[in-house]
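Sequence order for the protein chains is G and Z.
Take the first sequence: its position 21, counted from the start at 1, is 21 in the numbering used here, and no numbers get skipped.
Count along the second sequence from 1, add 1000, and you get the number used in the numbering used here.
Number of protein chains: 2
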Amino acid sequence: MNSKPTILDVARRAGVSVGTVSNALNDRGNVSAARRENVARAMADLGYVPNRVAQTLRGGESHVIGLCTPVTSSAYFAALLEMFEDLAARQGYEIMQVLSHGEPALELRRVQALVGRNVDGLILIPTHDSQATLDLLAERGMPTVVVDRVARDPRFDYVAIDDRRAMREATQHLIGLGHRRLLYLVRDTRLSTTQRRIEGYRDAVRAARPTVTGAVIQRDSDEAALARQVADAIAVPRAPTALIASNSALALSLVRILQQLRVSWPDDVALLAFDEPVWAPIVTPPLAVVRHPTRQIATEAWNRLLLRLRTPDLRPKRITLQAHLVPAASLGPPRSTHRAR
Amino acid sequence: MNSKPTILDVARRAGVSVGTVSNALNDRGNVSAARRENVARAMADLGYVPNRVAQTLRGGESHVIGLCTPVTSSAYFAALLEMFEDLAARQGYEIMQVLSHGEPALELRRVQALVGRNVDGLILIPTHDSQATLDLLAERGMPTVVVDRVARDPRFDYVAIDDRRAMREATQHLIGLGHRRLLYLVRDTRLSTTQRRIEGYRDAVRAARPTVTGAVIQRDSDEAALARQVADAIAVPRAPTALIASNSALALSLVRILQQLRVSWPDDVALLAFDEPVWAPIVTPPLAVVRHPTRQIATEAWNRLLLRLRTPDLRPKRITLQAHLVPAASLGPPRSTHRAR
DNA sequence: AGCCGATAATGAAACGTTTCAAAAATGCTA
DNA sequence: TAGCATTTTTGAAACGTTTCATTATCGGCT
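Structure representation (structure tokens):
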């Protein structure tokens, strides 16, 4: 019990030197079939499991990839983790995940922990200000792929969706349906993701001025305050006829708030969410969303990181993916148009 | 760039020996204030980060806790991970998560990977048959807390909810509302969690026999097949008046299916889910659930594991927590009773 | 000034691998 | 069978820490 046989134990039992065991283990050439056989048996008998820690210390490669995300409770991040873990497992890597809770200082500490553990590379979903973290990583020459959410830093690879375009197209779609007064709900305007989405939104609104107006409401996670704000925005005479939530969590809040206010969609307002909550198809009526290409993001980021591990001085690259509108019954023409018919 | 200063570099720069740096770093006694100061400055200048790998190799403790779960895309597991990560970060640990996808063979391989990485301890959410994994862990004397889902193995600590009781009480509640024909949808009957829930369900049904009957439908993730089965079950003359889904994913499927069949709740059937999907409050009408005490599970498991790390030969213990019914509008009296009024 | 007991600082061993130069064994050829 | 070229095998160094037995330094007392 509690035995941890080492390579030395194996060597003794097989009657060979540690060097030979190591060679057999990593099947390098130069080990005769007989020895190889002996060693294999000895390993099996003892239940030997190579000590990755020692391997790492000696060899320099840990075969651990760090993953730093704000949280995991969001379905999007959980899905990313899951995909990375699968990719990793297939290729002899482990994932070590660490949470920043969106706070720069905490992120730095947690990433430092990863660095101290000799991760081979890192996938980072940054906070609104990851400068310190990025500086650390650049200084250490840590292979890193940044996903989403931050102004571009020329030292790193990026995988991101084209938020601006996706949001512009979504907004145009709403305008095309006849909506003239829009309202966009966002949470953290410090995130470049949010900023780019707002830009896209404004692009579309601007192009249709002055007929179309687009407001933005910013709120942290205080749902009660958000509820008041939404209630106010909707109560005015020329109220918005289409509401857009910038992510799933916000969409959940918004739906709850509208239900409480007894505002229904698409009759009273059209409803759209950026990011795809699992429950989009089952609210009544179903919610239209802008879908993240999650799987693509994960594979692109992973492939890029692995490529960079093999070829460290690759020139940093930005990989941009497209997110698309998935229409559903929550979209409809504005009420006035509706009536006009 | 790409510099990885070691303790030796720090020692040189501070003009002391490596031993002293180590002492200063882990502030052990016997280091004069002056030296301590020097060392601190040298570390800051060089951007020194202790190499955890070397520490682990020498010291035996890795300060990494392994976490093996079936998936992360379920909100329940994602929440557990998140809580563990927070607890870990606070106490100088990292979490290394690994996914079994519910397959015993894969689980074994992934857990072996964790063992090879010298994790100090392990939190395991088993598959339907984790015997091989548990044997491995027991043999290595790996401190392990098992969460949920498996027949008890006397060698390990357990944290689980009282599925049987929770399900019995939930079922009794439905019966109390007047329901006489129940239908329980489950996914994997090989999981002891599922089995115990079914037992609880049967307990309640049996106690109310012969007035009350309770059927069970088992289905893998094939939603189309499930849809047919549900449609059939509901089409018969004396159809069930209350449906229960055994977890969130199943609840999502069920809601979708019922919507398609244009069966509404609570008028046509009462609806209840074991496990709490985020969307429970926003489907119309809101879904009643049996809520997992997720936070409690996480803290109990974590505390127990840390206790066991400090005191290895603790006697294994089973910690049982209660899950409670959270009523909502999806529960109502059966249609017939309804009409009778 | 010389000693003594504390307190500080040092340096080498050890953790479990991999790697690599060197030694040993083997096979071939003449 | 001696000599040489290969192929196997070996043993020790190295990775970056911690630990611990030694040694050095210091302050306080006679």
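Beta carbons: idealized from backbone N, C-alpha and C, even for Gly.
On a predicted model such as this, the values are computed, not experimentally measured, just so you know.
Range of the contiguous beta strand (DSSP E) that encloses residue i
i, result
"E82/G", "Run containing E82/G: none in the beta strand (DSSP E); it sits in the alpha helix (DSSP H), 75-90."
"E1103/Z", "Premise fails: E1103/Z is in no beta strand (DSSP E) and is neither H nor E."
"Q1218/Z", "1213-1218"
"A273/G", "270-274"
Distance CB(residue i)-CB(residue j) smaller than 9 Å
i, j, result
"E300/G", "V159/G", "yes"
"L1183/Z", "G1214/Z", "yes"
"R1187/Z", "S1246/Z", "yes"
"A976/Z", "I1257/Z", "Nothing about residue 976/Z can be read from this structure; chain Z reaches only from 1001 to 1341."
"L1191/Z", "P1333/Z", "no"
"L1271/Z", "A1242/Z", "yes"
"T171/G", "A1078/Z", "no"
"R149/G", "T189/G", "no"
"I7/G", "D157/G", "no"
"P1327/Z", "H1101/Z", "no"
"V1255/Z", "V1283/Z", "yes"
"H324/G", "R291/G", "yes"
"V230/G", "L252/G", "no"
"I1161/Z", "V1146/Z", "no"
"G1066/Z", "M1096/Z", "yes"
Segment limits, alpha helix (DSSP H) that includes residue i
i, result
"Y201/G", "192-207"
"L1174/Z", "1163-1176"
"T1294/Z", "1294-1310"
"I1007/Z", "1007-1014"
"N1133/Z", "Asn is not the amino acid found at residue 1133/Z; the sequence shown has Thr there. Element bounds for T1133/Z: 1131-1140."
"I257/G", "248-261"
"Q55/G", "52-59"
C-alpha distance - residue i paired with residue j, whole-angstrom precision
i, j, result
"E1085/Z", "A239/G", "44 Å"
"V21/G", "A40/G", "9 Å"
"P1266/Z", "R1206/Z", "24 Å"
"R339/G", "I175/G", "Legend: pLDDT at R339/G = 40, less than 50; position of this residue unreliable, no value from coordinates given."
"V1010/Z", "M1043/Z", "6 Å"
"L331/G", "R1181/Z", "39 Å"
"R52/G", "A1054/Z", "12 Å"
"G59/G", "L99/G", "28 Å"
"I234/G", "Q195/G", "24 Å"
"A945/Z", "D268/G", "With chain Z represented from 1001 up to 1341, any question about residue 945/Z goes unanswered, as that position is not in the structure."
"Q1091/Z", "A1329/Z", "42 Å"
"L1137/Z", "A1024/Z", "36 Å"
"A225/G", "V1111/Z", "46 Å"
"P285/G", "E139/G", "51 Å"
"D220/G", "C68/G", "22 Å"
"R202/G", "H179/G", "15 Å"
"Q259/G", "R155/G", "46 Å"
"R341/G", "P237/G", "Caution applies to R341/G, whose pLDDT of 32 falls short of 50 and renders its modelled position unreliable; the value that the coordinates give is listed next. Answer to the nearest angstrom: the Cα atoms are 21 Å apart."
"W302/G", "R310/G", "13 Å"
"L1306/Z", "M167/G", "47 Å"
"R197/G", "A1151/Z", "50 Å"
"P293/G", "P316/G", "22 Å"
"P1312/Z", "L314/G", "48 Å"
"Q1131/Z", "P1070/Z", "15 Å"
Spatial neighbours of residue i in its chain, beta-carbon cut-off 7 Å, leaving aside the 5 residues before and after
i, result
"D232/G", "none"
"N118/G", "T56, S62"
"S1017/Z", "A1011"
"A1365/Z", "Outside the displayed span of chain Z (1001 to 1341) sits residue 1365/Z, for which this structure offers no information."
"T337/G", "Residue confidence for T337/G is low, a pLDDT of 45 falling below 50, so the modelled location carries little weight and cannot support an answer."
"E169/G", "L325"
Sequence-distant residues of its chain with Cβ nearer than 8 Å to residue i (five each side left out)
i, result
"R421/G", "Nothing in the structure corresponds to residue 421/G, since chain G is present only between 1 and 341."
"V1278/Z", "A1075"
"V263/G", "I234, V269"
"N30/G", "N23"
Cβ separation of residue i and residue j, assumed to be a contact under 8 Å, to the nearest whole Å
i, j, result
"E1094/Z", "A88/G", "E1094/Z to A88/G, Cβ: 16 Å. No contact."
"T1144/Z", "E1107/Z", "Rounded, the Cβ-Cβ distance is 13 Å, inconsistent with contact."
"G1346/Z", "V49/G", "A question about residue 1346/Z goes unanswered here, because the residues of chain Z that appear run from 1001 up to 1341."
Beta-carbon proximity list for residue i, same chain, < 6 Å, skipping 5 on both sides
i, result
"P104/G", "T127, D129"
"M1142/Z", "L1122"
"Q218/G", "V186, T189"
"L1080/Z", "A1298"
"R1036/Z", "A1024"
"P5/G", "L46, Y48"
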